[in-house]
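So that you can map any letter, position 71 of the sequence shown is 71 in UniProt numbering, and since no number is skipped, the others follow by simple counting. All residues carry an ideal CB built from backbone N, CA and C; glycine is no exception. Bear in mind that the values here come from a model prediction, so they are computed numbers and not experimental data. This report refers to the structure that appears directly beneath it.
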Amino acid sequence: MPFFTVDGQALHYIDQGSGPAVLLAGSYLWDQAMWAPQIAALSPHYRVIALDLWGHGESGRLPEGTASLDDIARQALALLDHLDIDRVTLVGLSVGGMWGVRLALSAPQCINGLVLMDTYVGVEPEPTRQYYFSLFKQIEETGEISEQLLDIVVPIFFRPGIDPQSALYQDFRAKLAAYSSDRLRESIVPMGRITFGRDDLLPRLSELNAASTLVMCGDQDKPRPPSEAKEMAELIGCPWALVPEAGHISNLENPQFVTEALFAFLNERNR
Numbered sequence: 001m002p003f004f005t006v007d008g009q010a011l012h013y014i015d016q017g018s019g020p021a022v023l024l025a026g027s028y029l030w031d032q033a034m035w036a037p038q039i040a041a042l043s044p045h046y047r048v049i050a051l052d053l054w055g056h057g058e059s060g061r062l063p064e065g066t067a068s069l070d071d072i073a074r075q076a077l078a079l080l081d082h083l084d085i086d087r088v089t090l091v092g093l094s095v096g097g098m099w100g101v102r103l104a105l106s107a108p109q110c111i112n113g114l115v116l117m118d119t120y121v122g123v124e125p126e127p128t129r130q131y132y133f134s135l136f137k138q139i140e141e142t143g144e145i146s147e148q149l150l151d152i153v154v155p156i157f158f159r160p161g162i163d164p165q166s167a168l169y170q171d172f173r174a175k176l177a178a179y180s181s182d183r184l185r186e187s188i189v190p191m192g193r194i195t196f197g198r199d200d201l202l203p204r205l206s207e208l209n210a211a212s213t214l215v216m217c218g219d220q221d222k223p224r225p226p227s228e229a230k231e232m233a234e235l236i237g238c239p240w241a242l243v244p245e246a247g248h249i250s251n252l253e254n255p256q257f258v259t260e261a262l263f264a265f266l267n268e269r270n271r
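Structure, rendered in structure tokens:
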């Protein structure tokens, strides 16, 4: 498995296929395996890179001094440099979109296209920020994501009608339950505070290239509702699309729709 050491820690990524480069940046609490349907479909045509956030999947702990999403964007840009990739289409879902916008603003010459999925780069609304921070405090104090917390956290990521006995739901729940106390305290909780304590980038969205940007959102996404996607798309001046029958992890709840949309976007960007 490939690793890249940046800021003293080993960042895990996969690098599959050849052709124009695509960087898949996923959600908080999910590893690069969340992109499995898209990696399988895209990698015969594109060079697909997907990374694990710090403390997620096979990546090391959150590096000392990593204090903001700008740091995460800088570390991802260092990975692209390491891989000799000078142009990439970045597909960022949730926190992947939050730091993906920062990468696009800091290194626009590197961005061939930008897809922002189920994400929001404004500040977290204060009631939800306080609520999430209270959950982080519980996790930090107990060193676990308890059964009661799993009942709260897991449904956030899916559309309301999902079968809670489905493999997708149960596998995610089992992954969260298996986190060690060290990993939770050293990486997961601080990464959550970085994510939900982010600053406001809405005023800078007009700096993005509208012609090479697409916003997508699950039509039943609760934490990042379609109204936020519409707001961002209007500020950018780019198209936006709703993913039918999908919640926050829209690429897994409706993989066919998302994959087809990505193919259409990538083919347009790589003519």
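Buried or exposed by the 16-neighbour rule on C-beta atoms within 10 Å, applied to residue i
i	result
Gln-148	exposed
Ile-39	buried
Ile-156	exposed
Gln-109	exposed
Ala-174	exposed
Pro-203	exposed
Thr-128	exposed
Ser-27	buried
Endpoints, the alpha helix (DSSP H) within which residue i is located
i	result
Tyr-132	126-142
Thr-213	First-last for Thr-213: 213-218, but that is the beta strand (DSSP E), not the alpha helix (DSSP H).
Ala-41	36-42
Enclosing beta strand (DSSP E) for residue i [first to last residue]
i	result
Phe-158	Unbroken run through Phe-158: none, as it is neither H nor E.
Arg-224	Neither: Arg-224 is in no beta strand (DSSP E) and is coded neither H nor E.
Tyr-13	9-16
Ala-241	240-243
Ile-49	47-51
Chain-order list of residues whose beta-carbon lies under 8 Å from that of residue i (same chain, five-residue window excluded)
i	result
Ser-43	Gln-16, Gly-17
Ser-106	Asp-70, Ala-73, Arg-74, Leu-77
According to DSSP, residues forming a beta bridge with residue i
i	result
Gly-113	Thr-89
6 Å CB neighbourhood of residue i in its chain, flanking five on each side removed
i	result
Leu-29	none
Asp-31	Asp-52, His-56, Gly-57
Ser-59	Leu-11, His-12, Asp-52
Helix, strand or coil at residue i [DSSP, three-state]
i	result
Thr-5	strand
Leu-29	coil
Ala-78	helix
Val-22	strand
Ile-72	helix
Contact test: residue i Cβ vs the ligand HEM heavy atom, cutoff 7 Å
i	result
Leu-205	Here there are no bound small molecules, and the ligand HEM is not part of this structure.
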